[in-house]
Amino acid sequence: MSEQVENLIRKDYSAGFHTTIESDTLRPGLDEDVIRFISAKKEEPEWMLEWRLKAYRAWLEMEEPTWAHVSYPLVNFQALSYYSAPKSMANKPKSLDEVDPELLATYAKLGIPLHEQEALAGVAVDAVFDSVSVVTTYRVKLEEAGVIFCPISEAVKRFPDLVKKYLGSVVPQKDNFYAALNSAVFSDGSFVYIPKGVRCPMELSTYFRINEMNTGQFERTLIVADEGSYVSYLEGCTAPMRDENQLHAAVVELVALDDAQIKYSTVQNWYPGDKEGKGGIYNFVTKRGICHRNARISWTQVETGSAITWKYPSCILKGDNSVGEFYSVALTNNLQQADTGTKMIHIGKNTRSTIVAKGISAGRSQSAYRGLVRINAGAQGARNYTQCDSLLIGDRCGAHTFPYIESKNASAVIEHEATTSKVSDDQLFLCQQRGLDAEKAVSMIVNGFCREVFKELPMEFAVEAGKLLEVSLEGSVG
Amino acid sequence: MLEIRNLSARVEGNDILRNLSLTIKPGEVHAIMGPNGAGKSTLGNVLSGRPGYEVTGGEVQFNGKDLLAMEIEERAREGVFLAFQYPVEIPGVSNMEFLKASVDARRRHQGLPELSSFDFMKLARETSKRVDLDQAFLKRGVNEGFSGGEKKRNEIMQMMLLEPALCILDETDSGLDIDALQVVAAGVNAMRDGQRSFIVVTHYQRLLDYIVPDYVHVLAAGNIVRTGGKELALELEARGYSWLEAEGA
Chain Z
107 MSEQVENLIR KDYSAGFHTT IESDTLRPGL DEDVIRFISA KKEEPEWMLE
157 WRLKAYRAWL EMEEPTWAHV SYPLVNFQAL SYYSAPKSMA NKPKSLDEVD
207 PELLATYAKL GIPLHEQEAL AGVAVDAVFD SVSVVTTYRV KLEEAGVIFC
257 PISEAVKRFP DLVKKYLGSV VPQKDNFYAA LNSAVFSDGS FVYIPKGVRC
307 PMELSTYFRI NEMNTGQFER TLIVADEGSY VSYLEGCTAP MRDENQLHAA
357 VVELVALDDA QIKYSTVQNW YPGDKEGKGG IYNFVTKRGI CHRNARISWT
407 QVETGSAITW KYPSCILKGD NSVGEFYSVA LTNNLQQADT GTKMIHIGKN
457 TRSTIVAKGI SAGRSQSAYR GLVRINAGAQ GARNYTQCDS LLIGDRCGAH
507 TFPYIESKNA SAVIEHEATT SKVSDDQLFL CQQRGLDAEK AVSMIVNGFC
557 REVFKELPME FAVEAGKLLE VSLEGSVG
Chain A
86 MLEIRNLSAR VEGNDILRNL SLTIKPGEVH AIMGPNGAGK STLGNVLSGR
136 PGYEVTGGEV QFNGKDLLAM EIEERAREGV FLAFQYPVEI PGVSNMEFLK
186 ASVDARRRHQ GLPELSSFDF MKLARETSKR VDLDQAFLKR GVNEGFSGGE
236 KKRNEIMQMM LLEPALCILD ETDSGLDIDA LQVVAAGVNA MRDGQRSFIV
286 VTHYQRLLDY IVPDYVHVLA AGNIVRTGGK ELALELEARG YSWLEAEGA
């Protein structure tokens with residue numbers, strides 16, 4: 107059976123094309139001049155450059171972490187280029203009509219039409235291509251509601267007070283090796299600010315595309331939800347198929363002030379490498395949010411791509427009664443490796459967190475859940491519920507669970523459940539005996555396994571995620 | 086409708102069926118009885134194409150087609166239904182979704198249009214009532230957390246919805262209390278329409294009080310050693326199997 111199932115899950119990566127477009131790509135290598143170059147390219151104020159340089163100097167003192175359950179050759183940071191932008195973006199197109207049609211065609215091919223009249227109704231998109239934001243849709247409509255949604259490079263200039271106040275407030279420059287690197291060289295990303303009491307009138311989303319060769323993508327996302335506001339945000343990611351590994355080291359910071367709510371969903375489909383494990387994206391990402399009083403942050407992620415995933419979207423539950431949630435589906439196939447999970451840091455009283463992590467391993471892949479639940483001494487009445495389920499397809503993959511629980515408050519209630527199961531011969535046979543073909547059967551079983559997470563995704567994307575999983579499991583019946 | 090000729094099959098290197106022949110005409114109910122390890126369940130598994138069961142000889146014609154040449158799902162769509170002895174759970178996949186996909190697959194194969202969700206739900210609700218299964222079960226995961234009896238009734242519900250041509254019941258009576266047994270039997274009897282055929286594999290005569298067979302076959306060491314009418318089951322109940330095995334040898 108394992109052979110049959112393996113045939114079923116052979117991947118076809120439909121986003122693997124490369125766009126031929128003239129780019130300004132910086133020479134490989136990293137030093138202070140490169141950082142000055144990026145900062146100058148973005149026409150940044152002096153304080154921003156200083157902020158970057160501080161991060162860079164810290165990074166030089168740091169070492170690449172090796173504790174994750176993944177193995178890969180160390181990245182040569184001097185062989186990467188830290189800035190690449192389509193030439194046509196140099197004159198800063200004012201409207202969609204001025205944007206290079208090649209770029210628009212790239213996004214259309216990925217199913218992300220950027221013309222507002224064609225776009226998914228009710229979703230505003232910021233499209234980031236290599237190191238620059240190409241276009242942000244629906245900005246006028248959002249501004250009417252007082253919502254700021256723009257490239258972070260623009261926010262640095264237009265809203266310096268907000269950026270100064272919150273950038274690095276959740277993930278400090280020296281937080282970890284990759285966060286420090288990102289702080290030094292981040293090129294673009296999205297900035298969101300939702301004013302007090304405003305419910306963002308539409309879903310916001312950023313679509314990240316790596317195109318250029320030997321280029322790292324270092325985007326930075328900052329979302330600030332002011333008191334009593336609400337926003338739902340989605341990010342999607344793809345890259346061309348290449349034999350070389352490419353680095354993606356992003357930082358996402360969420361700030362949910364009193365009574366605010368942020369729902370952050372990710373559908374990550376970076377190129378995972380080929381069947382022999384050649385190529386693919388190294389996805390080393392730091393995502394963290396802070397919840398003030400009565401605030402709520404929900405992370406939902408569907409991870410099917412990348413050669414190596416290293417990411418732990420986390421919540422700092424600082425305010426009393428705040429809530430953190432993490433819902434995750436991580437699918438690894440072929441030789442993919444994922445070490446992913448979350449951290450829930452309970453500081454305030456009566457803080458609550460829920461973790462539902464689903465790992466699906468197929469082929470010869472390795473998938474690990476790594477999670478920390480920490481209850482500080484002052485977190486009277488804190489509660490956590492963790493559920494970790496692993497599903498194995500075939501008999502050459504691995505699933506691992508590394509839960510860490512630290513409680514310094516005796517009133518805390520922490521629950522942890524974990525299961526490991528296989529797509530069994532018997533399940534497959536039952537489905538086939540009822541007339542379903544094996545391919546449909548496996549995707550049905552896997553979708554069933556992920557149901558609890560999919561129901562947390564915004565409606566438009568739940569369907570997408572189901573389809574993506576199906577594609578990831580697609581292949582010919584052997 | 087089913088013609089088994091000199092069928093031999095092996096599981097994990099052990100010969101289980103040896104030269105078994107059996108002919109089933111439309112509308113007939115055949116009971117297969119016999120001691121443990123005689124190959125009763127193997128017959129149903131081989132006919133439905135379960136992986137791990139290797140056919141080493143013989144042939145099977147199903148409505149004039151070579152059954153053994155077909156894929157598992159093809160046999161199902163042609164109308165072979167196996168009611169499992171131990172139905173497995175598929176967590177998170179709702180019974181309704183699973184049933185609709187199955188029924189759609191069968192209907193497509195028959196050249197019929199798929200049922201609309203509305204029509205299917207109506208049909209599924211009516212059918213669940215017939216097997217005394219609460220409608221809530223339609224929304225739950227396939228067999229997820231069902232009791233033994235509920236799983237078996239769920240199997241019969243699937244059988245009713247799929248309207249197969251040949252129903253193979255693999256020890257469906259095992260682990261059932263008398264009430265559930267009657268529900269299952271009533272379901273089967275309601276499906277007897279003079280065209281649909283049944284193979285009822287059972288250990289106990291008890292089930293045959295409710296599902297009255299046309300023929301009873303005794304399977305021993307992989308072959309049919311005795312065939313009779315429904316009274317043979319009573320004789321077996323009284324005398325056991327050893328006298329037949331002795332006779333066969």
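Read top to bottom, the protein sequences are chains Z and A. Using this note's numbering, you'd call the opening residue of the first sequence number 107 and step up by one each time. Using this note's numbering, you'd call the opening residue of the second sequence number 86 and step up by one each time. Where is the CB? At the ideal position from N, CA and C, for every residue including glycine.
*Where does A:Val140 sit, in a helix, a strand or coil, going by DSSP?*
strand
*Collapsed DSSP secondary structure at Z:Glu341 in the structure displayed*: strand
_DSSP-derived helix/strand/coil call for Z:Asn490_ = strand
*Are three or more beta carbon pairs between the segment 443 to 452 of chain Z and the segment 413 to 430 of chain Z nearer than 8 Å?*
yes
*Name the chain Z residues whose beta carbon is nearer than 7 Å to that of A:Leu167?*
Gln539
*Does any CB atom of chain A fall closer than 8 Å to the CB of Z:Leu536?*
yes
*Of all Cβ atoms in chain A, is any one closer than 8 Å to the Cβ of Z:Gln493?*
no
*Going by C-alpha distance, which of Z:Ala485, Z:Ala251, Z:Ile329, Z:Ile511 is nearest Z:Asp426?*
Z:Ala485
*When DSSP builds the beta bridges, which residues end up paired with Z:Thr372?*
Z:Glu341, Z:Gln407
*For the segment 95 to 107 of chain A against the segment 126 to 145 of chain A, are there 3 or more C-beta pairs whose distance is under 8 Å?*
yes
*Cβ of Z:Leu437 within 8 Å of Cβ of Z:Thr460?*
no
*CB-CB under 6 Å to Z:Thr406, same chain, minus the five flanking residues each way: which ones, in chain order?*
Ser371, Tyr433, Glu562, Leu563
*Which of helix, strand or coil does DSSP assign to Z:Trp153?*
helix
*Closest to Z:Gly303 by CA distance: which of Z:Ser259, Z:His354, Z:Ala366 is it?*
Z:Ala366
*With DSSP run on the structure shown, which of helix, strand or coil describes A:Gly150?*
Going by the sequence as given, residue 150 of chain A is Lys instead of Gly. It is a strand residue.
*Going by CA-CA distance only, name the one from Z:Leu268, Z:Lys546, Z:Ala518 that's closest to Z:Val529.*
Z:Lys546
*Hey, could you find the ends of the alpha helix (DSSP H) Z:Cys556 is sitting in?*
544 to 560
_Under DSSP, the beta strand (DSSP E) around A:Ser259 begins and ends at which residues?_
Careful: A:Ser259 lies outside any beta strand (DSSP E) and carries neither H nor E.
_So for A:Thr127, helix, strand or coil by DSSP?_
helix
*By the criterion of Cβ-Cβ separation under 7 Å, what are the contact partners of Z:Leu478 in chain A?*
Going along chain A, no residue has its Cβ under 7 Å from Z:Leu478, so there is no contact; the nearest lies around 27 Å.
_Start-end ranges of the beta strand (DSSP E) lying completely within the segment 186 to 259 of chain A, minimum 3 residues_ = 251 to 255
*Give the C-beta separation of Z:Tyr313 and Z:Asn351 to the nearest angstrom, bearing in mind that I take them to be a contact with Cβ-Cβ under 8 Å.*
Not a contact, Cβ separation roughly 22 Å.
*Does DSSP put A:Met155 in a helix, in a strand, or in coil?*
coil
*chain Z contact for A:Gln243 (CB, 8 Å cutoff)*: yes
*With 8 Å as the threshold, decide whether the Cβ of Z:Lys546 is near any Cβ in chain A.*
yes
*Short CB-CB distance (under 8 Å) between A:Lys315 and chain Z*: no
*Quick one: does Z:Gly554 have its CB under 8 Å from some CB of chain A?*
yes
*asked:* Alpha carbons only, please: which of A:Gly230, A:Ser201, A:Phe231, A:Leu246 is nearest the one belonging to A:Arg215?
replied: A:Leu246
*Helix, strand or coil: which one does DSSP assign to Z:Trp173?*
coil
*Given 8 Å as the limit, is there contact between the segment 138 to 145 of chain Z and the segment 177 to 193 of chain Z, that is, 3 or more CB pairs closer than that?*
yes
*Chain-ordered chain Z contacts of A:Ile175 [CB-CB under 8 Å]*: Gln533, Leu536, Cys537, Met550, Ile551, Gly554
*In the segment 133 to 152 of chain A, which residues sit with their C-beta less than 9 Å from some C-beta in chain Z, listed in chain order?*
Ser133, Gly134, Arg135, Pro136, Gly137
_For a test of the three-state rule: what should DSSP assign to Z:Asn427, helix, strand or coil?_
coil
*Give the C-beta separation of Z:Gly487 and Z:Ser517 to the nearest angstrom, bearing in mind that I take them to be a contact with Cβ-Cβ under 8 Å.*
6 Å
*According to the neighbour-count rule (16 or more other Cβ atoms, all chains shown, within 10 Å of its Cβ), is Z:Val231 buried or exposed?*
buried
*Can a CB atom of chain A be found closer than 8 Å to the CB of Z:Ser530?*
yes
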